[in-house]
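Engineer: This is the structure I have questions about; it appears just below.
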Amino acid sequence: DTGVSQDPRHKITKRGQNVTFRCDPISEHNRLYWYRQTLGQGPEFLTYFQNEAQLEKSRLLSDRFSAERPKGSFSTLEIQRTEQGDSAMYLCASSGGTEGREKLFFGSGTQLSVL
Amino acid sequence: SQKIEQNSEALNIQEGKTATLTCNYTNYSPAYLQWYRQDPGRGPVFLLLIRENEKEKRKERLKVTFDTTLKQSLFHITASQPADSATYLCALDSDNFNKFYFGSGTKLNVKP
Chain A
128 DTGVSQDPRH
138 KITKRGQNVT
148 FRCDPISEHN
158 RLYWYRQTLG
168 QGPEFLTYFQ
178 NEAQLEKSRL
188 LSDRFSAERP
198 KGSFSTLEIQ
208 RTEQGDSAMY
218 LCASSGGTEG
228 REKLFFGSGT
238 QLSVL
Chain B
4 SQKIEQNSEA
14 LNIQEGKTAT
24 LTCNYTNYSP
34 AYLQWYRQDP
44 GRGPVFLLLI
54 RENEKEKRKE
64 RLKVTFDTTL
74 KQSLFHITAS
84 QPADSATYLC
94 ALDSDNFNKF
104 YFGSGTKLNV
114 KP
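From first to last, the protein sequence lines stand for chains A and B.
So for the first sequence, our numbering puts the first residue at 128; every next one is plus one.
So for the second sequence, our numbering puts the first residue at 4; every next one is plus one.
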């Protein structure tokens with residue numbers, strides 16, 4: 128499978144704990160996006176990387192959230208001191224290569240539950 | 004700020020009929036508008052893209068229209084099938100494609 132992969136698929140954590148999610152984009156894609164989605168809502172933009180540079184970050188992203196994309200390949204999203212309001216599906220998407228920058232390819236997401 | 008509106012109520016139709024979903028937006032002039040399909044527990048899957056200078060786009064049983072004056076896109080599925088049941092999201096680009104804005108989606112139920 129050469130699509131976007133995310134790990135883990137599900138994460139249950141206690142409030143106050145730190146969690147880290149990983150995203151492996153399609154290998155030829157230089158653009159990588161993180162989105163958050165809650166039930167009944169559309170994906171909400173969090174951050175964007177072009178290669179290894181983080182070029183855009185949502186104002187909704189508090190300082191408890193940090194994302195990296197070392198070497199412009201995989202990306203990680205870390206949430207520190209999790210809160211119940213962080214419970215959501217975290218989606219990663221990539222674009223670029225022969226498909227162009229407009230078409231987003233999403234992973235299956237990481238479902239986070241904060242107890 | 005940009006606002007994208009999709010009908011939050013589920014659309015229930017009979018198999019074989021045409022489903023029509025609406026996406027309205029305000030305070031924005033996108034260069035592109037996209038439609039995605041999302042199944043429960045999965046990420047969205049790209050379906051169609053239409054540019055601001057295009058009125059209509061077709062792909063198999065799918066048709067998208069884009070009216071930049073009305074700030075509206077219509078998404079049609081002809082000869083609908085139960086397998087078309089899913090949530091359909093519209094998305095607008097930002098400048099430079101640094102981000103995409105999504106609507107909340109409309110759930111389509113196609114009954115056999």
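Glycine included, every Cβ here is placed at the ideal spot set by N, Cα and C.
Of the residues THR71(B), ARG40(B), ASN27(B) and GLU63(B), which one's Cα is nearest the Cα of GLU57(B)?
Structural biologist: Closest option to GLU57(B), Cα to Cα, is THR71(B).
Engineer: LYS60(B) and LEU51(B): beta carbons closer than 8 angstroms?
Structural biologist: Taking 8 angstroms as the Cβ cut-off, LYS60(B) and LEU51(B) qualify as a contacting pair.
Engineer: Note down, in chain order, every chain A residue with its Cβ under 9 angstroms from the Cβ of SER107(B).
Structural biologist: What SER107(B) touches in chain A: GLY167, GLN168 and GLY169.
Engineer: Measure the C-alpha to C-alpha separation of GLN181(A) and GLN17(B) and round it to an integer number of angstroms.
Structural biologist: Spanning the two alpha carbons is a distance of roughly 46 angstroms.
Engineer: Would you please verify whether the beta carbon of PHE78(B) is less than 8 angstroms from any beta carbon of chain A?
Structural biologist: Chain A, which has no Cβ nearer than 8 angstroms to the Cβ of PHE78(B), makes this no.
Engineer: Listed from N- to C-terminal order along the chain, which residues in the region 19-31 of chain B have their beta-carbon within a distance smaller than 9 angstroms of any beta-carbon of chain A?
Structural biologist: Per Cβ criterion, the list is empty.
Engineer: Does the beta carbon of SER222(A) fall short of 7 angstroms from some heavy atom of the ligand PLP?
Structural biologist: By its list of ligands, the structure shown contains no ligand whatsoever, and the ligand PLP lies outside what it can speak to.
Engineer: Let me know if GLY108(B) comes out buried or exposed under the rule of 16 or more other beta-carbons within 10 Å of its beta-carbon.
Structural biologist: Result: buried.
Engineer: According to DSSP, what are the bridge partners of TYR217(A)?
Structural biologist: For TYR217(A), which the question treats as bridged, DSSP gives the partners ARG163(A) and THR237(A).
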